[in-house]
Amino acid sequence: MKLYSSEHIFSHPWETVAKAAWRKYPNPINPAVVALDVLDRKVENGVLKTQRLISSSWSLPGWVATLLGTDQTCYVCEFSEVDPSKRTLTLKSRNLTLCNLVSVDERLSYSPHPDDSSRTLLKQEAEITIKGLPLTSYLEGVVVDTMSSKATQVRQSALDWVIGRINNEVHELTVAAERGR
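Start counting the sequence shown at 391; every next residue gets the next number (my numbering).
Here it is as structure tokens:
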């Protein structure tokens, strides 16, 4: 088992980043995510709790997919909690595809930056476990290195893209409303 953790600061307030995190898929920065389905959603004590199924397309060579006994679509189950009174968004996810060989348990936590409420702090943690394969520790290290090299860049770019999209939508609505007066 290997652990991965990182922190990232967004130059946007929590409300903006939380909205963008909800709408981050699909996006052109991470085109592998092909579908996002809500399985369950409820509000308990003012906290929005949601379970979603994320479907992504892996570009595995056909022989690798056959060897692993999977197709090109992989699935992840995500549980999230939005607590507006505490201003926290927590996302916990676990892969469903190939979980008998590789399990990745990830936790993302978004909250206002403790020193500057106009910014948002993201804490990311992941536990990677590979079972039943040779060179387990090496392979777990490869997964951690891959997460480390891509996570911040992709997450920042994707959320910035979504924030830009939201800002454009607000601008278009404002213009349309002003025309209607």
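Note that CB positions come from ideal geometry on N, CA and C, so glycine has one too.
- Residue Phe469 holds the alpha-carbon nearest to the alpha-carbon of Lys432 among Ser527, Phe469, Arg571, Leu488.
- Residue pairing by DSSP puts Asp506 in a beta bridge opposite His503.
- In this chain, the alpha helix (DSSP H) harbouring Ala408 covers 404-412.
- Ranking Gln514, Leu498, Thr519, Val472 by CA distance to the CA of Leu488 puts Thr519 first.
- Note on Val552: 16 or more other CB atoms within 10 angstroms of its CB, so buried under the neighbour-count rule.
- In this structure, Leu498 and Leu512 form a Cβ contact; the two beta carbons are roughly 6 Å apart against a cut-off of 8 Å.
- In this structure, the CA atom of Leu429 is about 8 Å from the CA atom of Thr440.
- Classified as exposed, Lys476 has fewer than 16 neighbouring CB atoms from the shown chains inside 10 Å of its CB.
- Between the C-alpha atoms of Ser538 and Tyr394 there is a straight-line separation of about 8 Å.
- As computed with DSSP, Asn485 is found in a beta bridge with Val466.
- The count of Cβ pairs closer than 8 Å, one atom from the stretch 414-423 and one from the stretch 556-571, stays below three, leaving the stretches out of contact.
- Around the beta carbon of Ala422, fewer than 16 other beta carbons sit within 10 angstroms, so the residue counts as exposed.
- Cα atoms of His402 and Ala410: separation of roughly 10 Å, rounded to the nearest angstrom.
- For Glu397, the closest alpha carbon among the candidates Gly436, Arg509, Leu438, Thr463 is that of Arg509.
- With distances taken between CA atoms, Val424 lies nearest to Cys464 out of Cys464, Val437, Leu438.
- By the CB criterion at 8 Å, Asn420 and Ala516 fall outside the cutoff.
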